[in-house]
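Residue numbers (our numbering): 49 to 310.
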């Protein structure tokens, strides 16, 4: 009976694509959870205010970084998947090239604005001076990772669009492993690492996100992939392509912004 409505081959294909995405989403969320859990094992001087500070910082990070990431990633995935489905690998790569350049420009500007205003914004969110102090310190490290966050999601959009969903899963798992090790060292001062408490969690996550980005880049510089999609070509820039990427992704970005604001 169900065979009339369900194509087993198509269902298997969908599952194969979806499973790595689900794993990657779980592990990516794990970075933030691990920060909160480990800081909770510090002395009360840091743990209580520190966990509150991290919670607020993550809301700010995802309200800004999540909005930009979603906007660019949705557009990248939708348009690159369309071109890939049409059999035009070069056009799919061109979508990625434009989105990657756009993500760098927007992320650098957003990072500068946030870092310059963080001392003014955080006290308006929480009145406890200790929470503000630890939150600003943690947030500064995390927002230095805004570029890696946005670019990683853009890479994810491209690879998901061409059906290679395991790429981001690999990067996400790597990020988590690195984050656990560095968190343990930098928060508690284990081995050669200094004890940085809450700030150590921010620095560990910062390093982990850039390592994850390096993993993503590694998949694109493989000669076969790079030549097939003509990645990182400096010629052929067209504003219309960037505009289309942003236009397709704006609704998703707005949805993320309102979600985090709520």
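Built from N, CA and C at the ideal position, the CB exists for glycine as well. Being a predicted model, the structure only gives us computed values, none of them experimental.
Could you check how far apart the C-beta atoms of residue i and residue j are, in whole angstroms? I think they sit under 8 Å.
{"i": "residue 112", "j": "residue 83", "result": "Not really, about 18 Å apart at Cβ, beyond 8 Å."}
{"i": "residue 147", "j": "residue 124", "result": "4 Å"}
{"i": "residue 78", "j": "residue 224", "result": "5 Å"}
{"i": "residue 98", "j": "residue 81", "result": "Not a contact, Cβ separation roughly 14 Å."}
{"i": "residue 277", "j": "residue 137", "result": "5 Å"}
{"i": "residue 72", "j": "residue 217", "result": "4 Å"}
If you draw a straight line from the C-alpha of residue i to the C-alpha of residue j, how long is it?
{"i": "residue 230", "j": "residue 296", "result": "37 Å"}
{"i": "residue 341", "j": "residue 253", "result": "What the structure shows of the chain is the stretch from 49 to 310, and residue 341 is not part of that stretch, so it cannot be assessed."}
{"i": "residue 192", "j": "residue 159", "result": "7 Å"}
{"i": "residue 132", "j": "residue 271", "result": "18 Å"}
{"i": "residue 68", "j": "residue 219", "result": "11 Å"}
{"i": "residue 89", "j": "residue 179", "result": "17 Å"}
{"i": "residue 49", "j": "residue 59", "result": "Confidence is the limiting factor: at residue 49 the pLDDT is only 48, short of 50, which leaves the residue's position unreliable, though a coordinate-based value still follows. Residue 49 and residue 59: Cα-Cα distance of roughly 16 Å."}
{"i": "residue 243", "j": "residue 56", "result": "54 Å"}
{"i": "residue 303", "j": "residue 54", "result": "32 Å"}
{"i": "residue 157", "j": "residue 151", "result": "10 Å"}
{"i": "residue 240", "j": "residue 232", "result": "12 Å"}
{"i": "residue 204", "j": "residue 120", "result": "11 Å"}
{"i": "residue 255", "j": "residue 226", "result": "8 Å"}
{"i": "residue 94", "j": "residue 286", "result": "50 Å"}
{"i": "residue 236", "j": "residue 181", "result": "19 Å"}
Leaving out the 5 sequence neighbours to the left and right, which residues in its chain are closer than 6 Å to residue i when beta-carbon positions are compared?
{"i": "residue 116", "result": "154, 198"}
{"i": "residue 250", "result": "186, 189, 190"}
{"i": "residue 100", "result": "179"}
Grab me the residues of residue i's own chain with a C-beta within less than 7 Å of its C-beta, minus the 5 sequence neighbours each way, in chain order.
{"i": "residue 215", "result": "207, 264, 267"}
{"i": "residue 91", "result": "none"}
{"i": "residue 145", "result": "279, 280, 281"}
{"i": "residue 211", "result": "65"}
Taking the alpha helix (DSSP H) that residue i falls in, what are its first and last residues?
{"i": "residue 165", "result": "137-173"}
{"i": "residue 117", "result": "115-133"}
{"i": "residue 262", "result": "246-268"}
{"i": "residue 287", "result": "287-309"}
{"i": "residue 279", "result": "Segment: none, residue 279 is in no alpha helix (DSSP H) and carries neither H nor E."}
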